[in-house]
Structure formats: structure tokens, C-alpha cells
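What follows is one structure encoded as C-alpha cells, with my remarks underneath.
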Amino acid sequence: MPREIVTLQVGQCGNQLGLECWKRLLAEHGIQPRVISKGKTTGGVAFQEKTKGGDIKGGDLQGMMAVGEVDDRKDIMFYEADSGDYIARTVLLDLEPRVVHAAQVSTCGPAFNQESVWVSLEGGGAGNIWASGFAQAHRNADAILDILDRELELCDNLEAFQLLHSMAGGTGSGMGSFMLEALRDRFPKKLMLTYSVLPLLDKSLSDVVVQPYNAILTLARLIEHADGCILLDNTALNRLATERQRLERPSFAHTNYLVATVMATLTGSIRFPSYTSNSLTSVLANVVTSPLNHFLVSSIAPLESEDFGANVVRKTSVHDVLRRCFQPNNFMVTLPPRLGRYRSLMCFVRGDPAPLELTETLERIRKSNAFDYGPTAGGEKNGFEINSISLTRPSPYLKRSRVSGLILSHHSGLRDTLRRCTDQFDVLLRRQAFLDNYRREPMFASDLAEFERAREVVETNIDSLED
Numbered sequence: 061m062p063r064e065i066v067t068l069q070v071g072q073c074g075n076q077l078g079l080e081c082w083k084r085l086l087a088e089h090g091i092q093p094r095v096i097s098k099g100k101t102t103g104g105v106a107f108q109e110k111t112k113g114g115d116i117k118g119g120d121l122q123g124m125m126a127v128g129e130v131d132d133r134k135d136i137m138f139y140e141a142d143s144g145d146y147i148a149r150t151v152l153l154d155l156e157p158r159v160v161h162a163a164q165v166s167t168c169g170p171a172f173n174q175e176s177v178w179v180s181l182e183g184g185g186a187g188n189i190w191a192s193g194f195a196q197a198h199r200n201a202d203a204i205l206d207i208l209d210r211e212l213e214l215c216d217n218l219e220a221f222q223l224l225h226s227m228a229g230g231t232g233s234g235m236g237s238f239m240l241e242a243l244r245d246r247f248p249k250k251l252m253l254t255y256s257v258l259p260l261l262d263k264s265l266s267d268v269v270v271q272p273y274n275a276i277l278t279l280a281r282l283i284e285h286a287d288g289c290i291l292l293d294n295t296a297l298n299r300l301a302t303e304r305q306r307l308e309r310p311s312f313a314h315t316n317y318l319v320a321t322v323m324a325t326l327t328g329s330i331r332f333p334s335y336t337s338n339s340l341t342s343v344l345a346n347v348v349t350s351p352l353n354h355f356l357v358s359s360i361a362p363l364e365s366e367d368f369g370a371n372v373v374r375k376t377s378v379h380d381v382l383r384r385c386f387q388p389n390n391f392m393v394t395l396p397p398r399l400g401r402y403r404s405l406m407c408f409v410r411g412d413p414a415p416l417e418l419t420e421t422l423e424r425i426r427k428s429n430a431f432d433y434g435p436t437a438g439g440e441k442n443g444f445e446i447n448s449i450s451l452t453r454p455s456p457y458l459k460r461s462r463v464s465g466l467i468l469s470h471h472s473g474l475r476d477t478l479r480r481c482t483d484q485f486d487v488l489l490r491r492q493a494f495l496d497n498y499r500r501e502p503m504f505a506s507d508l509a510e511f512e513r514a515r516e517v518v519e520t521n522i523d524s525l526e527d
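Listed below in C-alpha cells is the structure:
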């Protein structure tokens with residue numbers, strides 16, 4: 061029985077991130093755009109060249125078809141329509157149409173079910189206000205959840221939801237928070253994994269002055285309702301693109317492709333069946349040590365780029381890949397240097413390394429003191445054992461390196477990252493700054509109790525990260 065994963069893309073960031081993720085997944089399964097060439101009146105099928113803007117030359121997009129036969133599980137992330145086309149198991153949500161429309165007319169557009177899209181008819185967005193995003197989602201809950209229910213009817217054995225969103229703006233944070241609450245209420249036993257982009261911690265680089273409010277309100281929901289939350293931040297992603305990939309001016313497409321690689325590697329053992337980690341539940345069981353400690357750090361190597369001209373490592377080994385993954389400047393979220401320790405971790409290796417190479421790598425890592433592996437929340441000291449490794453078959457359609465890897469970990473250094481969020485929140489709330497737009501919504505009309513409650517939830521989580 062398939063164990064499907066349904067994705068929700070919320071807001072500008074979530075939909076831009078989702079677009080790159082689906083590009084990667086389509087490529088890994090050999091699913092290509094099917095077009096009807098110009099000049100043909102019958103059902104001629106042709107694969108056409110992409111333009112720089114991502115459009116198709118010479119024809120109109122008609123669907124997404126698979127080429128070749130391979131032992132994979134497309135049904136985890138896609139379903140096959142009556143036409144034979146593969147459709148992504150995803151729902152696109154936003155309060156303004158621009159980014160969703162861009163996704164629909166992209167080369168991935170035919171992979172999106174047009175009935176699994178919801179955009180506010182008002183089209184005015186949330187104005188970077190969490191309360192507005194949450195309230196608009198609540199007012200339109202029946203329509204949004206009806207779209208989700210139709211998507212779920214196409215699943216035989218749903219295992220998990222994935223939420224892609226940002227915490228800084230109003231839609232990704234507010235509507236994303238509402239969806240977390242609604243999904244947990246309606247599907248309490250289903251796994252909830254999020255890819256959550258933190259606000260820029262350097263206030264001088266951000267133009268969203270209320271992002272500390274949005275972040276704390278969202279973090280509280282992630283703590284209460286998510287089973288796993290992969291934290292990301294644009295500062296770390298841009299650093300990886302400029303320093304490691306040597307891109308002078310990385311775009312969101314460049315940085316989002318890095319996140320797409322994390323998602324593809326994390327689900328690789330599920331989509332390309334292996335002997336280990338054949339469900340998302342078993343993956344998270346290795347890294348989530350307690351219900352409180354489910355904020356996760358990701359790191360990948362080698363750092364590849366789809367077609368952006370980045371320099372790519374040409375010779376890879378298991379040891380080199382994992383060594384790079386353990387380097388703090390390879391993390392996709394900014395942590396304080398040389399502080400904190402791993403509470404838990406899991407390594408994902410994609411490729412076909414020899415068993416001896418894997419065994420020798422584990423032994424070298426144990427002896428090198430490359431990382432500090434601390435006690436779990438229960439106080440027990442964990443070691444780096446063989447069951448912390450997931451060996452995954454690579455995609456036959458997208459094999460750039462002999463070996464690639466991902467490390468997913470729970471790291472106590474996140475304490476400082478979350479503390480910076482609460483410090484910025486405290487400064488704003490102490491001054492009662494920029495609260496008028498929040499008070500316009502029902503949740504904050506009478507008092508600010510929800511701010512205080514969310515702040516307390518986050519503080520409890522920070523306390524649990526103390527070494």
C-alpha cells in the first residue's frame with residue numbers, strides 16, 4: 061500500500077519553494093512536460109526545449125508524462141490521472157495571485173491540479189500581518205478545506221502532510237499557522253512535517269518590521285502541532301550559494317533548489333525503495349527525540365545546482381560527503397559557531413558506495429571527534445551507530461555525483477537562534493509597537509493574551525535545548 065505525502069504550499073515563499081521542489085521531484089522520476097507541437101492537428105507528442113524563462117518552445121503544455129520504466133514509487137508524491145499524466149499531490153494557497161500564477165504557467169504547471177489551488181478573490185494579501193493571514197484563512201476555511209478533502213480522496217493510505225512556508229510575512233505565517241491547527245484537529249494521527257523559513261535575524265536586512273511578532277506566533281504553532289520542522293533561513297542559504305557554489309548573485313531559484321535537494325534526499329529512500337527508512341515516520345523517529353525537540357537542522361553535500369552554472373564537486377566519496385555535511389558553515393540555518401551539540405542525527409547517503417567504504421567512514425568519523433554528540437532529552441548518551449545511516453538508491457534520471465548526502469539533526473545550537481527571535485519580539489512588544497493592524501482582527505481585538513501565550517510556549521522550548 062502506498063504511503064502518500066500531501067504537500068501544502070502557503071504564501072509567496074511557500075509557493076516559490078514548492079515550485080523548485082516539484083521541478084526536482086519531476087526530474088528524479090523522469091516525468092517530463094508533454095506538449096502538442098504547433099502545426100499538428102492530431103495528438104502528436106513532442107518534448108520541446110526550455111527557454112530561459114522556463115517556457116516551452118514550439119507547443120502548448122498538455123500534461124506530465126513519465127519516460128522509461130524504473131523501480132520507483134511515483135505514487136508517494138504523485139498520482140496518475142485518467143489521461144496518463146502525473147499530477148503532484150499538492151495544494152497551492154495564497155492571498156494574492158502573482159506567485160501562484162507564475163507556478164501554473166511554468167514548465168511544472170501541468171503537474172498542478174488546477175482544482176487544488178486557492179487564491180483569495182480579494183487579492184490584497186495579508187500586508188505582512190500574521191493576524192490578517194490567520195483571519196482570512198479562518199474566514200475561508202470551508203473553501204480551503206474542501207479543496208484539501210478532494211486532494212485527500214485521491215490517497216489510498218495517507219502518511220503525512222508537508223507544509224512549505226515562511227514565518228516572516230503575513231500569509232506564510234498566519235495562513236500557515238491556521239492550516240497547522242486545522243490539520244492537527246482533523247487528522248490528529250497523521251504526520252506533520254514542515255519546511256519553515258525563519259525571518260532574517262539581522263533587522264537591517266529586512267523590510268518587514270513586524271516579523272518578530274509573526275515569527276513567535278508561528279513558532280508556537282510549530283511547537284504545538286508539527287511532528288518535525290526543518291528550519292531554514294535565507295542568510296545561511298545565500299551564504300551557501302555565494303561561498304560554496306560561487307554564485308555572484310544568487311536568486312531565490314538558486315537557494316530554493318538547495319532546499320529542494322533536502323526534500324528529495326529525505327524522501328529518496330521512500331520514493332526509491334530501500335531496506336532502511338521506508339517511511340517518513342521511520343525517518344523522523346531517528347531524529348525527533350521528544351515532542352518538544354522537533355526543530356531540525358539540515359546540511360547537504362555536494363552542493364549542486366540544476367542548470368545555474370555552479371561549480372560542482374567532480375569526485376565524491378562517502379567520507380568527503382559526510383565530512384562536509386558536518387561542517388557548521390554547511391548548515392541551512394544560521395547557528396552560533398562552535399556552540400551547542402547534536403542531540404540526535406541521521407545521515408542519508410544516496411549512491412552505491414561499497415559496504416567497506418561505508419564501514420570505514422563511520423569508524424573514521426567516530427575517531428575524529430568531528431562533532432559533539434550530547435545526551436538526549438531523557439539524559440541518555442547516544443552514539444553514532446550504523447542505524448543512524450540511511451543508504452538510498454539515486455535517481456537513474458538525475459545522477460550528477462557518485463555519492464551525495466544529507467544530515468538531518470536536532471542541535472542544541474538552535475537555542476541561540478530561537479533566543480534572538482524572542483529578544484526581538486520582546487523589544488517590539490515592550491514598546492507596544494506596530495500593534496494596530498493586529499488589534500483589527502478578532503484574536504487580538506480585546507487583549508494581547510495570544511502574544512503572551514505564544515511567547516511562553518517558545519520559551520519552554522528554548523529551555524528544553526539547554527545543554
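Numbering (the working numbering), first residue to last: 61 to 527.
Glycine is no exception: its CB is placed at the ideal position from the N, C-alpha and C atoms.
Computed from a predicted model, the values in this text were never measured in an experiment.
Q. Anyone know if the C-beta pair for Gly90 and Tyr317 falls short of 8 Å?
A. Within the sequence shown, residue 90 is the residue found at index 30, counting from 1. Within the sequence shown, residue 317 is the residue found at index 257, counting from 1. Cβ distance not < 8 Å, so Gly90 and Tyr317 don't count as in contact.
Q) Taking the DSSP output, what are the residues bridged to Ser350? A) The sequence position of residue 350 within the sequence shown is 290, counting from 1. In the DSSP output, where bridge partners are listed per residue, Ser350 has none listed.
(Q) What does the alpha-carbon distance come out to for the pair Ala493 and Leu261? (A) Position 433 of the sequence shown, counted from the start, is the residue given in the question as residue 493. Position 201 of the sequence shown, counted from the start, is the residue given in the question as residue 261. Answer to the nearest angstrom: the Cα atoms are 18 Å apart.
(Q) Suppose you measure from the CA of Thr325 to the CA of Arg499; what does that come to, to the nearest Å? (A) On the sequence shown, residue 325 is found 265 positions in, with the first residue counted as 1. On the sequence shown, residue 499 is found 439 positions in, with the first residue counted as 1. Approximately 43 Å between the Cα atoms of the pair.
Q) Along the chain, which unbroken stretches of the beta strand (DSSP E) at least 3 residues long are found entirely within the region 458 to 502? A) 463 to 471
(Q) Pull the bridge partners of Glu64 from the DSSP assignment, please. (A) Within the sequence shown, residue 64 is the residue found at index 4, counting from 1. In the DSSP output, where bridge partners are listed per residue, Glu64 has Leu218.
Q: From the DSSP output, read off the bridge partner residues of Ser404.
A: Residue mapping note: residue 404 aligns to position 344 of the sequence shown, counting from 1. BP columns for Ser404 point to His470.
(Q) Using a 10 Å radius around the Cβ and a threshold of 16 neighbouring Cβ atoms, would you call Val487 buried or exposed? (A) Counting from one through the sequence shown, the residue named residue 487 turns up at place 427. Classification of Val487: exposed, given that the 10 Å Cβ count is below 16.
Q: Could you check the C-alpha separation between Arg245 and Thr150 for me, to the nearest Å?
A: Numbered from 1 along the sequence shown, position 185 holds the residue referred to as residue 245. Numbered from 1 along the sequence shown, position 90 holds the residue referred to as residue 150. It should be pointed out that residue 245 corresponds to Asp in this sequence rather than to Arg. The straight-line gap from Cα to Cα measures roughly 20 Å.
(Q) For a minimum of 4 consecutive residues, which ranges assigned as the alpha helix (DSSP H) are wholly contained in the region 271 to 330? (A) 271 to 285, 294 to 299, 312 to 326
Q: Kindly indicate which residue of Leu77, Pro248, Leu291, Ala514 has the alpha-carbon position closest to the one of Gly473.
A: Counting from 1 along the sequence shown, the entry for residue 473 is found at position 413. Here the closest residue by C-alpha is Leu291.
Q. Given Leu208, which residues of its chain have a CB within under 7 Å of its CB, disregarding the five upstream and five downstream residues?
A. Position 148 of the sequence shown, counting from 1, holds the residue named residue 208. So the qualifying residues of the chain are Val151.
Q.
Once the 5 residues before and after Asp132 are set aside, which same chain residues still bring their CB inside 7 Å of it?
A. As a position in the sequence shown, residue 132 is number 72, starting the count at 1. Result list for Asp132: His89, Arg331, Phe332, in chain order.
Q) When DSSP builds the beta bridges, which residues end up paired with His225? A) On the sequence shown, position 165 is the one that residue 225 refers to. Partner(s): Ser256.
Q. DSSP state of Asp507, grouped into three classes?
A. Taking the first residue of the sequence shown as position 1, residue 507 is located at position 447. Of the three classes helix, strand and coil, the one that applies to Asp507 here is coil, per DSSP.
Q: Please name the residue or residues paired with Thr452 in a DSSP beta bridge.
A: On the sequence shown, position 392 is the one that residue 452 refers to. Beta-bridge pairing links Thr452 to Arg410.
Q) Are the Cβ atoms of Asn188 and Val270 separated by less than 8 Å? A) Here residue 188 refers to the residue found at position 128 of the sequence shown. Here residue 270 refers to the residue found at position 210 of the sequence shown. The answer is yes: Cβ separation under 8 Å.
Q | Proximal residues to Ser469 (C-beta, below 6 Å), its chain only, five neighbours per side dropped | A | Here residue 469 is taken as the residue at index 409 of the sequence shown, counted from 1. Cβ within range, chain order: Val357, Tyr402, Leu405.
Q: Sort out for me which residues DSSP pairs Ser58 with in a bridge.
A: Residue 58 falls outside the range modelled here, since the chain spans only 61 to 527, and no answer is possible.
**Q.** Chain-order list of residues whose beta-carbon lies under 6 Å from that of Lys394 (same chain, five-residue window excluded)
**A.** In the sequence shown, the residue the question calls residue 394 occupies position 334. Before going on, a small fix: residue 394 reads as Thr here, not Lys. Result list for Thr394: Asp293, Thr295, Ala296, in chain order.
Q | Bounding residues of the beta strand (DSSP E) (the contiguous stretch that carries Val177) | A | The residue given as residue 177 occupies position 117 in the sequence shown. 177 to 179 is the extent of the beta strand (DSSP E) around Val177.
Q: Between the Cα of Glu156 and those of Glu211, Leu495, Leu240, Gly71, spot the shortest distance and give me the residue it belongs to.
A: Sequence index remark: in the sequence shown, residue 156 carries index 96 (1-based). Closest option to Glu156, Cα to Cα, is Gly71.
**Q.** Cβ neighbour criterion (16 or more within 10 Å) applied to Pro502
**A.** In the sequence shown, the residue the question calls residue 502 occupies position 442. Exposed.
Q.
Helix, strand or coil for Glu364? Go by DSSP, reduced to three states.
A. Start at 1 with the first residue of the sequence shown, and residue 364 comes out as number 304. Three-state DSSP puts Glu364 in coil, outside helix and strand.
Q.
For Ala201 and Met239, what's the separation of their Cα atoms in angstroms?
A. Translated into the one-based positions of the sequence shown, residue 201 becomes position 141. Translated into the one-based positions of the sequence shown, residue 239 becomes position 179. Spanning the two alpha carbons is a distance of roughly 9 Å.
Q) Leu85 and Leu153: beta carbons closer than 8 Å? A) If you number the sequence shown from 1, residue 85 lands on position 25. If you number the sequence shown from 1, residue 153 lands on position 93. No, Cβ-Cβ distance for Leu85 and Leu153 is not below 8 Å.
**Q.** DSSP state of Val151 mapped onto helix, strand, coil
**A.** The residue labelled residue 151 in the question sits at position 91 within the sequence shown. In this structure, Val151 counts as strand in the three-state DSSP scheme.
Q. Just reading off the beta strand (DSSP E) that Glu140 is part of, what are its end residues?
A. Locating residue 140 in the sequence shown gives position 80, where the first residue counts as 1. 138 to 140 is the span of the beta strand (DSSP E), which, as asked, contains Glu140.
Q: Alpha carbon to alpha carbon, how far is Arg281 from Met227? Give it in angstroms, no decimals.
A: Within the sequence shown, the letter at position 167 stands for residue 227. Within the sequence shown, the letter at position 221 stands for residue 281. Using only the alpha carbons, I get a separation of about 11 Å.
Q) Do the CB positions of Phe511 and Pro272 come within less than 8 Å of each other? A) Counting from one through the sequence shown, the residue named residue 511 turns up at place 451. Counting from one through the sequence shown, the residue named residue 272 turns up at place 212. The answer is no: Cβ separation not under 8 Å.
Q: Indicate the three-state DSSP secondary structure (helix, strand or coil) for Val165 in the structure shown.
A: Against the sequence shown, residue 165 aligns to sequence position 105. In this structure, Val165 counts as coil in the three-state DSSP scheme.
Q: Give me whichever residues DSSP pairs with Leu208 in a beta bridge.
A: Within the sequence shown, the letter at position 148 stands for residue 208. Beta-bridge pairing links Leu208 to no other residue.
Q. Run through DSSP, which three-state label would Gln387 get?
A. Counted from its first residue, the sequence shown places residue 387 at position 327. Of the three classes helix, strand and coil, the one that applies to Gln387 here is coil, per DSSP.
Q.
Using CA atoms only, rank isn't needed, just tell me which of Leu218, Ala186, Trp178 is closest to Asp57.
A. In the structure displayed, the chain extends from 61 to 527; residue 57 sits before or after that span and is not available.
Q) Hey, does Glu519 have any beta-carbon neighbour from chain B nearer than 8 Å? A) Of the protein chains in the structure, only one exists, and it is not chain B.
Q: Measure the alpha-carbon distance for Pro415 versus Arg480 and round it to whole angstroms.
A: Here residue 415 is taken as the residue at index 355 of the sequence shown, counted from 1. Here residue 480 is taken as the residue at index 420 of the sequence shown, counted from 1. For Pro415 and Arg480, the distance between alpha carbons rounds to 43 Å.
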